[in-house]
Amino acid sequence: MLSIYWKEVNSFFSSLIAYMVIAVFLIMTGLFMWVFTETNILDYNYATLEQLFSIAPLVFLFLIPAVTMSTFAEENQKGTIEFLSTKPITDFQIVMGKYLANFTLVLFALLPTLIYYYSVHALGSPPGNLDSGGILGSYIGLTLLAAVFVAIGMWSSSITNNQIVAFIVGAFLCFFFHWAFSFLAKLPIFTGSLDSFINKLGINYHYSSISRGVLDTRDIVYFISMITVFMLATLTSLSWRKA
Amino acid sequence: MSLSVQSITKEYGTQKAVNDLSFNVSGGTIMGFLGPNGAGKSTTMKMVSCYISPTSGTAEVCGYDIHKNPLDVRKHIGYLPENNPLYLDMYVKEYLQFVAGIHRINKKANRVSDLIEMTGLGKEQHKLIGALSKGYRQRVGLAQAMIHNPEVLILDEPTSGLDMNQLVDIRNLITELGKEKTVILSTHIMQEVQAMCDRVIIINNGSLIADDPIEKLADRISGEQIITINLLNNDVSLAVLENIPGVTQVKNTKDGIVISSDAKSDIRKNVFEQAVASGWVIIEMKKEEISVEDVFQKLTKETTNA
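Those sequence lines, one after another, are chains A and B.
Per this note's numbering, residue -8 is the first one in the first sequence, and the count goes up by one each step.
Per this note's numbering, residue 30 is the first one in the second sequence, and the count goes up by one each step.
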């Protein structure tokens, strides 16, 4: 598993992929936080990282499927999956190694945003006047959200040998699980009956809940089960090749 | 017994890619796996190396069952898939180290440099795999398959697309390996089978049609001998040749006098003695070898028509 992990991480960092992902993520979140007039923190007059945590899921929605689209689709297309799966490693080790590698890359994109935290911390009046607990919660929420997106992206990559298909399916599913449920819950037919249940199916509900700085086990369980479901689906679609 | 395939069958929908195939191979054998395209060679190899599961039947590699102990099977085989899939964006050495890591080989660096030397990749070891020519990629594929020193090597068309020199190198390497290991290789090239293999299995439409040591394969098609002689002057009466025991037909063609015989023993001696007795001067005599190619064509045609 570690061999797969290091191989994947190496291939990210020895090609342009890793640097592009990190750069695009930082530029987009940076623009929204510090430059764009509507949202920038300097004109906003509150010491908060709200902008980062509201824009980051949107950026991840495109970036994570772009990172994960090649995970299995490329192996399927080039036939290297045949090489990998005739080596003495289990499918679980292959999936887990690749998952952790993809997740590591996303963490590397997220890590430099700690500088934003420091900046806002220093700019506060008096310095340090910001809700650190809430920000910690938001970081945990964002990390878990990214972890779910990676699992979704890897599954969509495992069902095809075309990377573009993998990207589109992945991006759509990320969108669907993140936002669609909260909009669906607002449909008149669900009002007063199923609306809160449907809302809770979406990632957005649990993400906002954690962002308040409260680590609720229900939210954690939701994220872990989403990851597990998509990992199991990935394992299943890998085992289909044997039939 | 290092490899034993027991009535293995693979169905795709209603089509049987491999149909009730059984064979055994013991150590130190190079076995040629022959068959026309679509005969089920690759499918069989994929099943033995645990890439796809058979619909029914099983196989054992070094005593490990492909259903019960797939990981042990994979530890004991080296598999070179058809078309040799490689990570083109990796460096040769990096790639081999990665494979060594998957196999959890101790002293990775030593093993990798041994293999680089063995497969003659010394000059290319710091290049990207994508930058290598087909012959060198094939060597990387072979190195990858041999890295854990497996007892059984399964090579799916290891020599396809190589030029003559590369062909000879790879063949020598495989012959060398076959001295102690079990090598199963599939190929379309018949000379290759004659040059390297100890044993040949021919399949067609997923079924076994021949399983013989290479020398015995020729006996499968009628024991006909064909001898062509050229005399200083071919304008002679052929009746005396027809009297030689076993000779069925004598023809005077533009290539010389063609003598067909169904005798079990070599009739060249009799032909020579007859020529001397008649006062003829033989300037050329050759026996037509029945090649694996002929056997292959004849056997596969028979089963396709049947």
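Built from N, CA and C at the ideal position, the CB exists for glycine as well.
Please read all numbers here as calculations on a predicted model, not as lab measurements.
query = What does B/L100 reach in chain A if we use C-beta pairs closer than 9 Å?
reply = Going along chain A in sequence order, the residues near B/L100 (Cβ under 9 Å) are P79, I80 and T81.
ask   = Is it right to say B/N113 is buried, meaning 16 or more other beta carbons lie within 10 angstroms of its own, or is it exposed?
value = Residue environment: B/N113 is assigned as buried (16 or more neighbouring CB atoms within 10 Å of its CB, all protein chains considered).
task = Go ahead and label A/R209 buried or exposed: buried means 16 or more other beta carbons lie within 10 angstroms of its beta carbon, across all protein chains shown.
result = With fewer than 16 other Cβ atoms within 10 Å, it is exposed.
ask   = So which of A/V97, A/V156 and A/N120 has the shortest CA-CA distance to A/L133?
value = For the options A/V97, A/V156 and A/N120, the alpha carbon positioned closest to that of A/L133 is the one of A/V97.
key: Continuous beta strand (DSSP E) stretch holding B/S236: start and end   = First-last of the beta strand (DSSP E) with B/S236: S236 to P242.
8 Å Cβ cutoff, A/F74 in contact with chain B = At least one chain B Cβ lies under 8 Å of A/F74.
inquiry  = For a contact defined as C-beta to C-beta under 7 Å, what are the partners of B/N112 on chain A?
reply    = Residues of chain A passing the Cβ test: G70.
key: Straight-line gap, B/V34 to B/Q195 (C-alpha atoms, nearest Å)   = Put simply, the backbone Cα of B/V34 is about 32 Å away from that of B/Q195.
Neighbour list for A/S(-6) in chain B, Cβ cutoff strictly below 8 Å = Close partners of A/S(-6) in chain B (Cβ separation under 8 Å): F127, G130 and I131.
ask   = For A/K(-2), which residues in chain B fall below 7 Å Cβ to Cβ?
value = Here the neighbours are F127.
inquiry  = Comparing C-alpha positions only, which one of B/S290, B/Q126 and B/N281 sits nearest to B/V265?
reply    = Cα-wise, what sits closest to B/V265 is B/N281.
ask   = Do B/K122 and B/Q154 come within 8 Å of each other at the CB atom, strictly closer than that value?
value = Yes, these two residues count as a Cβ contact at 8 Å.
inquiry  = For the structure I just gave you, are there three or more beta carbon pairs, one from the segment 118 to 126 of chain A and one from the segment 135 to 144 of chain A, closer than 8 Å?
reply    = Verdict: no, contact absent.
Three-state secondary structure assigned by DSSP to B/E312 = The sequence as given places Ile at residue 312 of chain B; Glu does not occur at that position. In this structure, B/I312 counts as strand in the three-state DSSP scheme.
C-beta neighbour in chain B for A/K233, strict 8 Å = So, interface residue.
query = Closest by CA to A/N152, which one among A/M60, A/V139 and A/T182?
reply = Ranking the options by Cα distance to A/N152, first place goes to A/M60.
query = Within 10 angstroms of its Cβ, does A/F27 collect 16 or more other Cβ (buried), or is it exposed?
reply = A/F27 should be labelled exposed.
ask   = Taking only beta-carbon atoms, is B/S215 less than 8 Å away from chain A?
value = No, no contact with chain A.
ask   = Near A/G183, what residues of its chain come up, given a Cβ to Cβ distance below 8 Å and the 5 sequence neighbours on each side ignored?
value = Leaving aside the five residues that flank A/G183 on each side, none in its chain has a CB nearer than 8 Å to its CB.
request  = Output, in chain order, the set of chain A residues within a Cβ distance shorter than 7 Å of B/S189.
outcome  = Ordered by position in chain A, no residue passes the 7 Å Cβ test against B/S189, which lies about 14 Å from the chain.
ask   = According to the Cβ coordinates, are B/L261 and B/I312 closer than 8 Å?
value = Contact: yes.
request  = Express the C-alpha separation of A/S149 and A/T225 in angstroms, rounding to a whole number.
outcome  = When rounded, the separation of the alpha-carbon atoms in A/T225 and A/S149 is 6 Å.
task = Look at the alpha carbon of B/N139 and the alpha carbon of B/V128, and state the distance between them as a whole number of angstroms.
result = Each residue's Cα considered, the two are about 14 Å apart.
key: chain A contact residues for B/Y116, given Cβ-Cβ distances below 7 Å   = T71, listed in chain order.
request  = Tell me, please, which residues DSSP counts as bridged to B/G107.
outcome  = Answer by DSSP bridge pairing, in chain order: B/L182.
task = Would you list, in chain order, the members of the segment 75 to 95 of chain B that have their beta-carbon closer than 7 Å to a beta-carbon of chain A?
result = Under the 7 Å Cβ criterion, the segment 75 to 95 of chain B contributes S78, C79, Y80, I81 and S82.
ask   = Looking at the structure shown, is B/Q154 part of a helix, part of a strand, or coil, going by DSSP?
value = Residue state, collapsed to three classes: coil.
request  = Starting from B/S82, trace the alpha helix (DSSP H) both ways and give me its first and last residue.
outcome  = Counted as a single uninterrupted DSSP element, the stretch harbouring B/S82 is not any alpha helix (DSSP H), since DSSP gives it neither H nor E.
ask   = Should B/N234 be labelled buried (16 or more other beta-carbon atoms within 10 Å of its own) or exposed?
value = So B/N234 ends up on the buried side.
request  = Quick one: list the residues of chain A neighbouring B/Y108, beta-carbon separation under 7 Å, in chain order.
outcome  = Within 7 Å of the CB of B/Y108, the CB atoms of chain A belong to T77, in sequence order along the chain.
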